[in-house]
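Enquirer: The opening residue of the sequence shown carries number 0 in numbering that gives the first Met the number 0; numbering runs sequentially from there. All C-beta atoms in this analysis are idealised placements derived from N, C-alpha and C, irrespective of residue type, glycine included. Predicted, not measured: the structure shown is a model, and the values here were computed from it. One structure is given below, represented as C-alpha coordinates, and several questions about it will come after.
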Amino acid sequence: MSTLKLNKNSVRAAIATIGVLGGFVSGYGVLVPYYIDKYSLDLAIGGRIFALTGLSGIVGVFIATYFVDKIRGAIAGSIGTVVVAIGIGLLIIAPTWNFVLFGVVIIGVSFGIVQVAIGQLVVDVGGIEASRRANKNNIGFATASILVPSLFGLTLLNYYAGVLSLFIVLAFIIAAVFYSNTEGQLLHKPEESHKKSNHKSSITFLLLGISAYV
(Lines of atoms letter the chains of each structure in order from A and count residues from 1; the text may use other names and numbers.)
(Lines give C-alpha, C1' and ligand atoms only; values in the text may rest on other atoms or scores of the structure.)
Protein backbone atom coordinates (compact mmCIF):
# COMPACT_ATOMS: atom_id res chain seq x y z
CA MET A 1 0.00 0.00 0.00
CA SER A 2 1.29 3.43 -0.84
CA THR A 3 1.87 6.13 1.70
CA LEU A 4 -1.33 7.34 3.31
CA LYS A 5 -2.90 10.36 1.62
CA LEU A 6 -5.71 12.32 3.24
CA ASN A 7 -7.41 15.43 1.95
CA LYS A 8 -8.07 18.71 3.72
CA ASN A 9 -11.34 17.42 5.16
CA SER A 10 -9.35 14.98 7.30
CA VAL A 11 -7.15 17.81 8.54
CA ARG A 12 -10.24 19.82 9.48
CA ALA A 13 -11.81 16.77 11.15
CA ALA A 14 -8.65 16.24 13.21
CA ILE A 15 -8.66 19.88 14.35
CA ALA A 16 -12.35 19.62 15.28
CA THR A 17 -11.78 16.39 17.22
CA ILE A 18 -8.87 17.85 19.15
CA GLY A 19 -11.08 20.85 19.85
CA VAL A 20 -13.83 18.66 21.32
CA LEU A 21 -11.32 16.75 23.46
CA GLY A 22 -9.52 19.91 24.55
CA GLY A 23 -12.79 21.54 25.43
CA PHE A 24 -13.90 18.65 27.59
CA VAL A 25 -10.59 18.26 29.39
CA SER A 26 -10.67 21.96 30.25
CA GLY A 27 -14.40 21.82 30.92
CA TYR A 28 -13.90 19.30 33.72
CA GLY A 29 -12.98 22.26 35.91
CA VAL A 30 -16.56 23.49 35.50
CA LEU A 31 -18.12 20.04 35.53
CA VAL A 32 -16.58 18.97 38.86
CA PRO A 33 -18.56 21.48 41.00
CA TYR A 34 -21.69 20.44 39.10
CA TYR A 35 -21.01 16.75 39.82
CA ILE A 36 -20.13 17.45 43.46
CA ASP A 37 -23.55 19.00 43.93
CA LYS A 38 -25.43 16.41 41.85
CA TYR A 39 -23.89 13.32 43.48
CA SER A 40 -23.27 14.83 46.95
CA LEU A 41 -19.50 14.37 46.80
CA ASP A 42 -16.69 15.99 48.72
CA LEU A 43 -13.96 17.89 46.88
CA ALA A 44 -11.36 15.13 47.18
CA ILE A 45 -13.61 12.56 45.52
CA GLY A 46 -14.68 15.04 42.84
CA GLY A 47 -11.03 15.69 42.07
CA ARG A 48 -10.55 12.08 41.01
CA ILE A 49 -11.85 13.08 37.61
CA PHE A 50 -8.52 14.80 36.93
CA ALA A 51 -6.44 11.82 38.05
CA LEU A 52 -8.41 9.49 35.80
CA THR A 53 -8.07 11.93 32.91
CA GLY A 54 -4.29 11.68 33.24
CA LEU A 55 -4.26 7.90 33.64
CA SER A 56 -6.53 7.30 30.68
CA GLY A 57 -4.37 9.70 28.68
CA ILE A 58 -1.36 7.49 29.40
CA VAL A 59 -3.29 4.48 28.12
CA GLY A 60 -4.06 6.54 25.04
CA VAL A 61 -0.34 7.18 24.53
CA PHE A 62 0.34 3.45 24.37
CA ILE A 63 -2.52 2.99 21.92
CA ALA A 64 -1.30 5.80 19.66
CA THR A 65 2.32 4.67 19.74
CA TYR A 66 1.51 1.07 18.85
CA PHE A 67 -1.09 1.67 16.15
CA VAL A 68 0.29 4.80 14.45
CA ASP A 69 1.83 2.75 11.61
CA LYS A 70 -0.78 -0.03 11.56
CA ILE A 71 -4.20 1.55 11.01
CA ARG A 72 -5.17 4.12 8.43
CA GLY A 73 -5.48 7.57 9.94
CA ALA A 74 -8.98 8.15 8.59
CA ILE A 75 -10.25 4.93 10.17
CA ALA A 76 -8.54 5.69 13.50
CA GLY A 77 -9.91 9.22 13.49
CA SER A 78 -13.41 7.97 12.77
CA ILE A 79 -13.30 5.28 15.47
CA GLY A 80 -11.70 7.60 18.01
CA THR A 81 -14.31 10.28 17.48
CA VAL A 82 -17.15 7.77 17.88
CA VAL A 83 -15.52 6.64 21.14
CA VAL A 84 -15.52 10.28 22.25
CA ALA A 85 -19.26 10.39 21.58
CA ILE A 86 -19.78 7.21 23.61
CA GLY A 87 -17.86 8.68 26.54
CA ILE A 88 -19.92 11.88 26.44
CA GLY A 89 -23.10 9.81 26.25
CA LEU A 90 -22.08 8.02 29.44
CA LEU A 91 -21.69 11.39 31.17
CA ILE A 92 -25.25 12.28 30.18
CA ILE A 93 -26.95 9.10 31.40
CA ALA A 94 -24.67 8.40 34.38
CA PRO A 95 -26.82 7.30 37.35
CA THR A 96 -23.83 7.32 39.73
CA TRP A 97 -20.49 9.06 40.18
CA ASN A 98 -18.56 5.92 39.27
CA PHE A 99 -20.43 5.83 35.97
CA VAL A 100 -19.27 9.40 35.32
CA LEU A 101 -15.68 8.36 35.97
CA PHE A 102 -16.07 5.50 33.51
CA GLY A 103 -17.19 7.99 30.87
CA VAL A 104 -14.17 10.17 31.64
CA VAL A 105 -11.85 7.19 31.11
CA ILE A 106 -13.50 6.41 27.76
CA ILE A 107 -12.99 10.01 26.62
CA GLY A 108 -9.36 9.93 27.76
CA VAL A 109 -8.59 6.69 25.91
CA SER A 110 -10.25 8.04 22.76
CA PHE A 111 -7.57 10.73 22.67
CA GLY A 112 -4.98 8.04 21.93
CA ILE A 113 -7.04 6.57 19.12
CA VAL A 114 -7.47 9.99 17.52
CA GLN A 115 -3.74 10.65 17.88
CA VAL A 116 -3.11 7.81 15.41
CA ALA A 117 -4.86 9.90 12.76
CA ILE A 118 -3.16 13.12 13.82
CA GLY A 119 0.27 11.47 13.83
CA GLN A 120 -0.22 10.23 10.27
CA LEU A 121 -1.58 13.58 9.11
CA VAL A 122 1.60 15.27 10.35
CA VAL A 123 4.07 12.63 9.12
CA ASP A 124 2.34 12.43 5.73
CA VAL A 125 3.58 15.86 4.66
CA GLY A 126 6.71 16.51 6.70
CA GLY A 127 8.72 19.72 6.83
CA ILE A 128 7.10 23.11 7.38
CA GLU A 129 3.64 21.86 6.43
CA ALA A 130 3.83 19.27 9.22
CA SER A 131 4.57 22.06 11.68
CA ARG A 132 1.61 24.03 10.34
CA ARG A 133 -0.73 21.07 10.78
CA ALA A 134 0.50 20.48 14.33
CA ASN A 135 0.01 24.16 15.15
CA LYS A 136 -3.52 24.13 13.72
CA ASN A 137 -4.35 21.25 16.08
CA ASN A 138 -2.87 23.20 18.98
CA ILE A 139 -4.96 26.24 18.04
CA GLY A 140 -8.10 24.07 17.94
CA PHE A 141 -7.28 22.63 21.37
CA ALA A 142 -6.55 26.05 22.90
CA THR A 143 -9.60 27.75 21.39
CA ALA A 144 -11.96 25.03 22.60
CA SER A 145 -10.29 25.17 26.03
CA ILE A 146 -11.60 28.72 26.30
CA LEU A 147 -15.00 28.36 24.65
CA VAL A 148 -16.26 25.03 26.04
CA PRO A 149 -15.74 25.80 29.77
CA SER A 150 -17.45 29.15 29.20
CA LEU A 151 -20.36 27.38 27.51
CA PHE A 152 -20.58 24.86 30.36
CA GLY A 153 -20.58 27.63 32.94
CA LEU A 154 -23.53 29.34 31.25
CA THR A 155 -25.66 26.29 30.48
CA LEU A 156 -24.93 23.33 32.77
CA LEU A 157 -27.51 23.97 35.45
CA ASN A 158 -30.46 24.06 33.06
CA TYR A 159 -29.28 22.38 29.87
CA TYR A 160 -26.67 19.77 30.89
CA ALA A 161 -28.02 16.90 28.78
CA GLY A 162 -28.87 19.12 25.82
CA VAL A 163 -25.46 20.76 25.61
CA LEU A 164 -23.57 17.47 25.90
CA SER A 165 -25.89 15.94 23.29
CA LEU A 166 -24.82 18.64 20.85
CA PHE A 167 -21.23 17.48 21.28
CA ILE A 168 -22.29 13.91 20.52
CA VAL A 169 -23.91 15.06 17.27
CA LEU A 170 -20.77 17.02 16.41
CA ALA A 171 -18.59 13.98 17.13
CA PHE A 172 -20.60 11.77 14.78
CA ILE A 173 -20.41 14.40 12.03
CA ILE A 174 -16.63 14.54 12.43
CA ALA A 175 -16.44 10.73 12.39
CA ALA A 176 -18.37 10.68 9.11
CA VAL A 177 -15.91 13.17 7.58
CA PHE A 178 -12.99 11.00 8.65
CA TYR A 179 -14.60 7.83 7.30
CA SER A 180 -15.35 9.44 3.94
CA ASN A 181 -11.59 9.53 3.32
CA THR A 182 -10.82 5.85 3.98
CA GLU A 183 -11.35 4.65 0.39
CA GLY A 184 -12.33 1.30 1.86
CA GLN A 185 -8.83 0.60 3.18
CA LEU A 186 -8.29 -0.24 6.84
CA LEU A 187 -4.59 -0.87 7.34
CA HIS A 188 -1.92 1.72 6.77
CA LYS A 189 1.46 0.20 5.99
CA PRO A 190 4.54 2.46 5.92
CA GLU A 191 6.91 2.36 2.95
CA GLU A 192 9.50 -0.41 3.14
CA SER A 193 12.24 2.20 3.08
CA HIS A 194 11.00 3.75 6.30
CA LYS A 195 12.87 2.84 9.43
CA LYS A 196 10.98 0.77 11.92
CA SER A 197 9.84 2.98 14.75
CA ASN A 198 11.28 2.54 18.20
CA HIS A 199 8.10 2.17 20.25
CA LYS A 200 9.90 1.92 23.60
CA SER A 201 11.74 5.20 23.24
CA SER A 202 8.63 6.90 21.83
CA ILE A 203 6.54 5.73 24.76
CA THR A 204 9.20 6.92 27.22
CA PHE A 205 9.29 10.44 25.80
CA LEU A 206 5.51 10.64 25.54
CA LEU A 207 5.10 9.57 29.15
CA LEU A 208 7.66 12.14 30.26
CA GLY A 209 5.71 14.77 28.35
CA ILE A 210 2.44 13.80 30.01
CA SER A 211 4.09 13.76 33.44
CA ALA A 212 5.41 17.27 32.89
CA TYR A 213 1.98 18.45 31.73
CA VAL A 214 0.11 16.90 34.66
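1) Could you check which residue in G107, R132, S179 and V162 has the C-alpha nearest to that of G86?
2) Comparing alpha-carbon positions, which option in Y33, A50 and G111 lies nearest I70?
3) Got a sec, what are the start and stop residues for the alpha helix (DSSP H) G76 sits in?
4) Could you check which residue in S9, I167, G28 and I172 has the C-alpha nearest to that of G72?
5) How many angstroms separate the CA atom of N136 from the CA atom of I44?
6) Hey, how far is the Cα of G152 from the Cα of V121?
7) DSSP state of L130, grouped into three classes?
8) Round the Cβ separation of T16 and V113 to the nearest angstrom and send it over; I've been treating them as touching at under 8 Å.
9) Is there contact here, the segment 162 to 172 with the segment 95 to 103, by at least three beta-carbon pairs under 8 Å?
10) Comparing C-alpha positions only, which one of S25, A13 and L156 sits nearest to A143?
11) For L30 and V81, what's the separation of their Cα atoms in angstroms?
12) Which whole-angstrom value is the C-beta distance of V115 and L51, which I expect to be below 8 Å?
13) Between L40 and Y33, which are expected to be in contact by the criterion C-beta below 8 Å, what is the C-beta distance as a whole number of angstroms?
14) Going by DSSP, what residue range makes up the alpha helix (DSSP H) through S223?
15) Quick one: grab the DSSP three-state call for L155.
16) Find the nearest neighbour of Y158 within the set I138, I91, Q119 and Y178, judged by alpha-carbon distance.
17) Which residue comes first and which comes last in the alpha helix (DSSP H) that contains L100?
18) Any idea if L163 is buried or exposed, counting beta-carbon neighbours within 10 angstroms, 16 or more meaning buried?
19) Under 6 Å Cβ to Cβ from A133, same chain only, skipping five residues before and after it: list those, please.
20) Using three-state DSSP, classify L150 as helix, strand or coil.
21) Rounding to the nearest angstrom, what Cα-Cα distance links Y178 and I74 in this structure?
Expert: Quick look at the numbers:
1) Considering only alpha carbons, the answer is G107.
2) G111
3) Looking at the DSSP string, the run of the alpha helix (DSSP H) that includes G76 is G72 to I92.
4) S9
5) Cα to Cα, N136 sits roughly 32 Å from I44.
6) 34 Å
7) One detail in the question is off: residue 130 reads as Ser in this sequence, not Leu. Helix at S130.
8) 5 Å
9) no
10) S25
11) 22 Å
12) 22 Å between Cβ atoms; not a contact.
13) Actually they are not in contact, since the Cβ atoms of L40 and Y33 sit about 11 Å apart, beyond 8 Å.
14) Because the chain is modelled from 0 through 213, residue 223 falls outside the range shown and cannot be assessed.
15) helix
16) I91
17) W96 to V122
18) Under this definition L163 is a buried residue.
19) V121
20) Three-state DSSP puts L150 in a helix.
21) 6 Å
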